[in-house]
Amino acid sequence: MGPVQIVASAVAAVATVIAIALLVRAVARMVTVIRLGQPAPERFAGKGRRTATTAREVLGHTRMLKWTLVGAAHWFVMVAFGALVLTLIEAYGETVDPHFALPLIGHWGAYGLAMELIAALAGIGIAILIVIRLLNRPARPRPGRLSRFTGSNMWQAYYVEWTIVGIVLCVFTIRGFKQAAGDLPYPVWAAPISHAVGAGFSGVPASAARVGITVTALVKILISMAWFVVIALNVTMGVAWHRFTAFPNIFFKRSGSAAPALGALRPMMSGGKPLDFEEADPDKDLFGVATVEQFTWKGLLDFTTCTECGRCQSQCPAWNTGKPLSPKLLVLSLRDHAYAKAPYLLAGGDGGKARAAAVTEAKRPLVGDAESGGVIDPDVLWSCTTCGACVEQCPVDIEHVDHIVDMRRYQVLIESNFPSEAGVMLRNLENKGNPWGAPPNTREDWTKGLGFEVPRVTDGGDYEYLFWVGCAGAFEDRAKKTTRAVATLLHEAGVSFAILGQGETCTGDPARRLGNEFVYQMLAQQNVSTLNEVGARKIVATCPHCFNTIANEYGQLGGDFEVVHHTQLLAHLVSSGKLTPVQPVDGGVTYHDPCYLGRHNRVFAPPREVLGAASDTVTEMPRFAERSFCCGAGGARMWMEERIGKRINVERVEEALATGVQTVAVSCPFCLTMLGDGVTGKKAMGEASTDVEVVDVASVLLRAVKP
Ligand code: SF4
Ligand code: SF4
């Protein structure tokens, strides 16, 4: 061992010891902070399924590849992060002896080729990611909200990216020096790039090339150890830490399967058990989330894992219409607050023992305006439509909607702090069983003048489907047309169905999404009991919110029903020849996916199949299916004023009008209202043709079946 090797190996050893010590300390701190969260025992159920899901999502990059180019580039970088550890081990050997090769495989051509390919593809991958980040940086040419990286810590991402570039360059430089010294054990086919780099060192004497190997190996080790030191000193550096935390975050995701945390909301939990309002003790039990440590440990792991990629932000309807909510910034705020407050909590809440900064952080309300130093501004909390676009896009399975609703629950149930307009809706639900406050005895008025008798379950006859009409379908004029169209089509197709009539009450969806679990449970229990009493098994619903609640949430209260959306049933009736469109609707049609039918329940094809049969031309909007853009009404936003930014429905209507079609088809009564209002406004301003109309898929089909 010459003097260069002695110095290099000593420096490498010292750097490694420091880096590992800091890293161990950082991991311990991170685990301690995450353990501050509430228990979530359900996350340990189905370990085999969870392991398979994690393997599939990580190795198959199933979520990352929703953005194909970024996903592919990231896959190569991820593989290299693991595989190139072998070249790091080599580097340690090379600081001692430039001839070092890994035992058994080090001289093997296949190993040489594998590392060559992995390093090269990682180099290409990281170059693509760097270019994409630069093109989308929050300065020019994509300023402000157009950039998904707005609010991300850019230096951290650049640092991670250039570290990978440095590692890849070191791999090829070391191999190039080996080739120049005549020590590279691989033929040209196994290491073409290394041979080419070696050709560039052709004039370098063998002894100097071997010094080059040792020095470059040291540089490689120092780059790697510096990376560990930097991330150890920045435990909130999600863009780096997700390389480790993404695995448990995916493993412990809510469903444990490929499905994201959409559809049903997570029940209200306290101490790891569903909260029972009959027995709940306000002094002991949690009513939603009031402080950051009242999220579960999985919530804190979610916040830790955020990579700051901004995919969620790029899809969020609130962010894209100028509102203060960005799901990414919300997660980052919660993460930074949790880690800043943790020393105070770990000191047992003793202000005397914790650092002053932690005590100050602990005094911040979780939800509060700027004046009160709130972590999450109320305008952020109440801007969410629970559309699920963020959850759908998140590559590491963060569960934004559950976290947002948990914070809302505390604000509504304990603080009574929510937009006052929504209070009217809640009162209407409690007093009249519908959000409009319509007299319950008018629930069946939509049946008048149909030309056939709509059967009630109370009539006692046999029926296949219980037709769940919903409050909008029973009381809202535009939605009533959909209800009548569906009933007519079912009648025409000879489907036996019956309605509950006045036995129906609101499913409770708006109350639950607002955060009022108490009102939700009251309504839901009433409906579950009614449905069980009448022996309902197959239910058809026109409202995706009713559909979602009955299908996915009533099971939490003992109601297990087979629920279909009317577009699914109509698609079946068309394909089986029971309904035959005879005259296609002309003027062109576009289809708007409702969030609670599409993203939350994956019903994308049936409405399109119906429209395909009923119209000559179906044109997609730029944002459709999984990436559809919310109408603005979900999450009880239907009953709140939209005071900030551009109206979400106007943004969506502009997209629909740009397709140039005459018919904007929807399959949700709230979308019908929101987009209908948007088009009416555009017509009034002379920005939309008077021929354009917003109608339900069922109405389109009815026109084609009975022109
Ligand atoms: S659910 Fe929709 S509105 Fe709410 S934060 Fe996510 S993307 Fe934004
Ligand atoms: S929450 Fe998910 S999608 Fe949003 S920035 Fe973080 S990792 Fe990306």
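Just so you know, we're using the working numbering here: the sequence shown kicks off at 319 and counts up by one. We put the CB at the ideal spot given by N, CA and C, even for glycine.
Supposed contact pair residue j and residue i - C-beta distance, whole angstroms, cut 8 Å
i: residue 587; j: residue 835; result: Not confirmed; about 11 Å, so no contact.
i: residue 633; j: residue 945; result: 6 Å
i: residue 550; j: residue 341; result: 5 Å
i: residue 272; j: residue 768; result: Within the shown structure, residues of the chain are numbered from 319 to 1025, placing residue 272 beyond reach of any answer.
i: residue 367; j: residue 707; result: The pair is not a contact, with the Cβ atoms about 26 Å apart (cut-off 8 Å).
i: residue 983; j: residue 1015; result: 5 Å
i: residue 398; j: residue 437; result: 7 Å
i: residue 560; j: residue 614; result: Wrong, their Cβ atoms sit about 19 Å apart, outside the cutoff.
i: residue 832; j: residue 685; result: Their Cβ separation, rounded to whole angstroms, is 14 Å, which puts residue 832 and residue 685 out of contact at 8 Å.
i: residue 777; j: residue 816; result: 7 Å
i: residue 827; j: residue 867; result: 5 Å
i: residue 947; j: residue 635; result: 6 Å
i: residue 841; j: residue 823; result: 6 Å
i: residue 337; j: residue 413; result: Contact doesn't hold; Cβ gap of about 15 Å is too wide.
Residues that DSSP places opposite residue i in a beta bridge
i: residue 981; result: 907 and 1011
i: residue 880; result: 856
i: residue 786; result: 859
i: residue 817; result: 774 and 785
i: residue 723; result: Paired residue(s): none; residue 723 is not in a bridge.
i: residue 591; result: 588
i: residue 933; result: 903
i: residue 356; result: 614
i: residue 1046; result: The structure shown does not extend to residue 1046, since the chain is modelled only from 319 to 1025, so the question has no answer here.
Of the listed residues the options, nearest to residue i (C-alpha basis)
i: residue 512; options: 521, 524 and 489; result: 489
i: residue 726; options: 738, 741, 696 and 563; result: 696
i: residue 444; options: 959, 736, 482 and 653; result: 482
i: residue 846; options: 821, 364, 872 and 903; result: 872
i: residue 691; options: 558, 680, 456 and 701; result: 680
i: residue 1008; options: 735, 757 and 994; result: 994
i: residue 895; options: 860, 810, 703 and 940; result: 810
i: residue 480; options: 510, 453, 448 and 500; result: 448
i: residue 733; options: 984, 972 and 608; result: 608
i: residue 385; options: 629, 669 and 529; result: 629
i: residue 903; options: 1010, 671 and 389; result: 1010
i: residue 898; options: 327, 808 and 704; result: 808
i: residue 965; options: 365, 637, 517 and 525; result: 637
i: residue 566; options: 797, 322, 715 and 346; result: 715
i: residue 876; options: 1013, 456 and 843; result: 843
i: residue 293; options: 346, 389, 335 and 338; result: Absent from the model: residue 293. The displayed extent of the chain is 319 to 1025, so no value can be given.
i: residue 474; options: 970, 907, 451 and 527; result: 451
i: residue 971; options: 568, 989, 962 and 963; result: 989
i: residue 391; options: 915, 991, 779 and 441; result: 441
i: residue 880; options: 813, 851 and 782; result: 782
i: residue 821; options: 829, 967, 360 and 788; result: 788
i: residue 1023; options: 494, 790, 968 and 931; result: 931
i: residue 417; options: 355, 320, 379 and 463; result: 320
Cβ of residue i within 8 Å of any chain C Cβ
i: residue 658; result: The question asks about chain C, but that chain is absent: this structure has only one protein chain.
Residue ranges of each alpha helix (DSSP H) within the region 826–867, 4 or longer = 827–832, 835–851 and 862–866
Entirely within the region 623–683 and at least 4 residues each: give me those alpha helix (DSSP H) ranges in chain order.
-> 629–633, 635–638, 645–664 and 674–680
Would you say the region 878–893 touches the region 920–931, given that touching needs at least three Cβ pairs under 8 Å?
-> yes
Please go through the region 548–586 and give each complete alpha helix (DSSP H) segment of 4 or more residues, from N-terminal end onward.
-> 556–569
Can you find at least 3 beta carbon pairs, one from the region 741–756 and one from the region 715–722, that sit closer than 8 Å?
-> no
Alpha helix (DSSP H) runs wholly inside the region 417–481, at least 4 long, in chain order = 427–453
For the 8 Å Cβ check, are there 3 or more pairs between the region 344–363 and the region 593–602?
-> no
Mind the definition here: the region 466–474 touches the region 642–650 only if three or more C-beta pairs lie below 8 Å; say whether that holds.
-> yes
With a cut-off of 8 Å, do at least 3 Cβ pairs link the region 793–803 to the region 998–1005?
-> no
Touch check for the region 735–744 and the region 953–968: three-plus C-beta pairs under 8 Å?
-> yes
Would you say the region 406–414 touches the region 533–546, given that touching needs at least three Cβ pairs under 8 Å?
-> yes
The region 573–587 touching the region 866–881, judged by at least three CB pairs closer than 8 Å | yes
Contact the region 503–512 vs the region 562–576: 3+ CB pairs below 8 Å = no
Continuous alpha helix (DSSP H) assignments of at least 4 residues falling wholly in the region 347–416 = 365–377, 386–401 and 403–414
Quick one: complete alpha helix (DSSP H) runs, 4+ long, within the region 476–518?
-> 510–518
Runs of alpha helix (DSSP H) lying entirely within the region 733–777, each at least 4 residues, in chain order | 738–750
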